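Undergrad: One structure is given below, represented as structure tokens, and several questions about it will come after.
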Amino acid sequence: MTETVWRQCLAIPSAWTGGGREIVRTPALEITNLGKRFGDKAAVDDLSLRVPAGAFFGLVGPNGAGKTTTLSMAVGLLRPDSGTVRVEGLDVWADPIPARTRLGVLPDGLALPERLTGRELLVFLGRLRGLAPPVAAARADELLDILDLAAADRTLVIDYSTGMRKKVGLAAALLHGPSLLVLDEPFEAVDPVSALTIQAMLRRFTAGGGTVVLSSHVMATVEQLCDHVAVVHRGRIAAAGPLDQVRAGSTLEQRFVDLVGAGLDLTRSPSWLAS
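Under our numbering, the first residue of the sequence shown carries the number 11, and numbering increases by one thereafter.
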């Protein structure tokens, strides 16, 4: 498959590796007995999760449930206290370079070099990933165009809006043609038109054999995009599996409330607001 075909179908990894994608029989991501404590608090508590290759996998949970901590450990940004993480069978901590080569990551609280333009940033990151200068430049230009950032290609990142930062961060995650994308709140602060563009890209990515893991608080988005889902609550997996299995005949939102909203009272509000 050529770069021209990729431009037509956005089957990114297959195009950028210069051939057909090898079928991965092992899970794209396998987390086993993962644990992390901050002082007396167990942020992640013996958490295990398998993400099948080719899945569009949603990770949902209330604030403070441990989603971001789990994803940070899964991609090698935060060392776990216990447990293992494997990407396509490779241990993220014991064999980090080949494991992380397969990863494209959009982390929470993304920090970017702010004195570079968006194009300079992508070309720089592409060179760090080992891409030849012409390839890095061509991919940067194409991603900026697809994500509606081409008009700001000479704007410094420090002057980017929150949504623009999110989009250039996603471009950076895609740039080297990973086989597994791990995205923490990828649609946060992104305008509706750009969100639709990103959704189409991610669908084509999984259609081409790639795997996406994303966290989100928007149940409708997860339900619309994902074929697998896991609900995280108090650092553990409350439910996980194919979307239909997890929602068990209900909506994902209702199932989420049933799993993590014990004792929820929707009649309460400040007394002065009712007067």
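Glycine included, C-beta positions come from ideal geometry on N, C-alpha and C.
None of these values were measured; they are calculated from a predicted model.
Quick one: what's got a C-beta closer than 7 Å to K77's C-beta in the same chain, skipping five residues either side?
TA: Residue 77 sits at position 67 when you count from the first residue of the sequence shown. Closer than 7 Å at Cβ, skipping near neighbours: L69, G71, S225 and V242.
Undergrad: Going along the chain, which residues of its own chain have a beta-carbon closer than 7 Å to the beta-carbon of L135, five neighbours each way excluded?
TA: Here residue 135 refers to the residue found at position 125 of the sequence shown. Same-chain partners within the cutoff: A182 and L185.
Undergrad: If contacts are defined as beta-carbon pairs under 8 Å, then D163 and T207 qualify, I think. What distance do you get, rounded to the angstrom?
TA: The residue labelled residue 163 in the question sits at position 153 within the sequence shown. The residue labelled residue 207 in the question sits at position 197 within the sequence shown. The pair is not a contact, with the Cβ atoms about 17 Å apart (cut-off 8 Å).
Undergrad: In this structure, how does DSSP classify S204 when only helix, strand and coil are distinguished?
TA: The residue given as residue 204 occupies position 194 in the sequence shown. S204: helix per DSSP, three-state reduction.
Undergrad: Sort E233, D268, A258 and H238 by Cα distance to F67 and report the nearest one.
TA: Stepping through the sequence shown from its first residue, residue 67 is reached at position 57. Closest by alpha carbon: H238.
Undergrad: Taking C-alpha atoms, which residue in S281, A147 and A230 lies nearest to F266?
TA: Here residue 266 refers to the residue found at position 256 of the sequence shown. The shortest C-alpha separation from F266 is found at A230.
Undergrad: Could you have a look at S281 and say whether DSSP puts it in helix, strand or coil?
TA: As a position in the sequence shown, residue 281 is number 271, starting the count at 1. Three-state DSSP puts S281 in a helix.
Undergrad: Using the three-state DSSP reduction, which class does R288 fall into: helix, strand or coil?
TA: As displayed, the chain neither begins before 11 nor continues past 285, which places residue 288 out of reach and without an answer.
Undergrad: Is any non-hydrogen atom of the ligand FAD found closer than 7 Å to the C-beta of H186, if you look at the structure I gave you?
TA: Of the ligands one can find in the structure shown there are none, so the ligand FAD has no counterpart to examine.
Undergrad: Any contact of the region 77–93 with the region 274–282, i.e. 3+ C-beta pairs under 8 Å?
TA: Too few Cβ pairs lie closer than 8 Å, so no.
Undergrad: Output needed for L132: all residues of its chain with C-beta closer than 8 Å, excluding positions within five of it in sequence on either side, in chain order.
TA: As a working mapping, residue 132 is identified with position 122 in the sequence shown. Excluding residues within five positions, the ones whose Cβ falls inside 8 Å are A146, R149, A150, L153, L154, V178, A181, A182 and L185.
Undergrad: Within 10 Å of its beta-carbon, does D194 have 16 or more other beta-carbons around it, so buried, or fewer, so exposed?
TA: As a first step, residue 194 must be located in the sequence shown, where it is residue number 184. When all chains shown are included, D194 counts as buried.
Undergrad: Return helix, strand or coil for L44, following the three-state DSSP convention.
TA: Translated into positions along the sequence shown, residue 44 becomes position 34. Correct three-state label for L44: strand.
Undergrad: Consult DSSP for L191 and reduce its assignment to one of helix, strand or coil.
TA: Against the sequence shown, residue 191 aligns to sequence position 181. Strand.
Undergrad: Exposed or buried, G187, counting other C-beta atoms within 10 Å across all chains shown (16 or more means buried)?
TA: Here residue 187 is taken as the residue at index 177 of the sequence shown, counted from 1. Burial call: buried.
Undergrad: For L159, which residues in the same chain have their Cβ closer than 7 Å to its Cβ, ignoring the five residues on either side in sequence?
TA: Residue numbering aside, residue 159 sits at position 149 when the sequence shown is read from its first letter. Result list for L159: G128, M174, K177 and V178, in chain order.
Undergrad: Exposed or buried, which one is T221 when buried takes at least 16 other CB atoms within 10 Å?
TA: Counting from one through the sequence shown, the residue named residue 221 turns up at place 211. With 16 or more Cβ atoms within 10 Å of its Cβ, T221 is classed as buried.
Undergrad: Our contact map puts Q209 next to L235 with C-beta atoms below 8 Å; I'd like the distance itself, whole angstroms only.
TA: Counted from its first residue, the sequence shown places residue 209 at position 199. Counted from its first residue, the sequence shown places residue 235 at position 225. Indeed, because the Cβ distance is near 6 Å, the residues count as touching under 8 Å.
Undergrad: Using beta-carbon positions only, say whether L57 and L44 come within less than 8 Å of one another.
TA: Position 47 of the sequence shown, counting from 1, holds the residue named residue 57. Position 34 of the sequence shown, counting from 1, holds the residue named residue 44. Yes.
Undergrad: Taking the straight line between their C-alpha atoms, what separation do you get for L100 and T172?
TA: If you number the sequence shown from 1, residue 100 lands on position 90. If you number the sequence shown from 1, residue 172 lands on position 162. Distance between the alpha carbons of L100 and T172 is about 34 Å.
Undergrad: Considering only residues of the same chain and omitting the five flanking positions on each side of R125, which have a CB-CB separation below 8 Å?
TA: The count along the sequence shown starts at 1 and reaches residue 125 at position 115. Here the set comprises L166, V167 and I168.
Undergrad: Among the residues of its own chain, which have a CB less than 8 Å from the CB of D91, if the five just before and after it don't count?
TA: Here residue 91 corresponds to residue number 81 of the sequence shown, with the count starting at 1. Around D91: G45, K46 and R47.
Undergrad: Tell me whether the beta-carbon of L191 lies closer than 8 Å to the beta-carbon of E233.
TA: Start at 1 with the first residue of the sequence shown, and residue 191 comes out as number 181. Start at 1 with the first residue of the sequence shown, and residue 233 comes out as number 223. No. Outside cutoff.
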